[in-house]
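Visitor: Starting off with a structure, shown below.
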Amino acid sequence: MPKLKTNKAAKKRFKVTATGKVLFRPAGHKHLMSSKSAKRRRHSRKWREFESKHDAKDVWRMLGKYPNRNPNPPPAGQAKPEKQEKPHA
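All letters in the sequence shown, in the order written, are residues 1258 to 1346 by our numbering.
Structure follows, in structure tokens:
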């Protein structure tokens, strides 16, 4: 199966952190800034994280990334550590 192409519009508008969070820049920061307060201008400079995980998942798909895939799986010979069950009270 061929690789998926990255959506170039999404590539320019979003970024993904090393921990997997999807960040975006808020709108309204290009012009007419003199009518906006200093606090509003300062806060609009920052990257923000998506509130909805569903939206973030859509952006992951557009960027050609897979959020639930482990980049460093354990070697084939090693077994996963077993989970310890809590005793029922």
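Backbone N, C-alpha and C fix where the C-beta goes; we use that ideal spot for every residue, glycine too.
Hey, residue 1263 and residue 1320: beta-carbon distance below 7 Å or not?
Guide: yes
Visitor: Compute the distance between the beta-carbons of residue 1301 and residue 1286, then report whether it is under 7 Å.
Guide: yes
Visitor: Just how far apart, CA to CA, sit residue 1259 and residue 1308?
Guide: 32 Å
Visitor: Per DSSP, which residues does residue 1306 bridge with? Please list them.
Guide: 1280
Visitor: From 1295, 1342 and 1305, pick the residue whose C-alpha is nearest to that of residue 1271; which is it?
Guide: 1305
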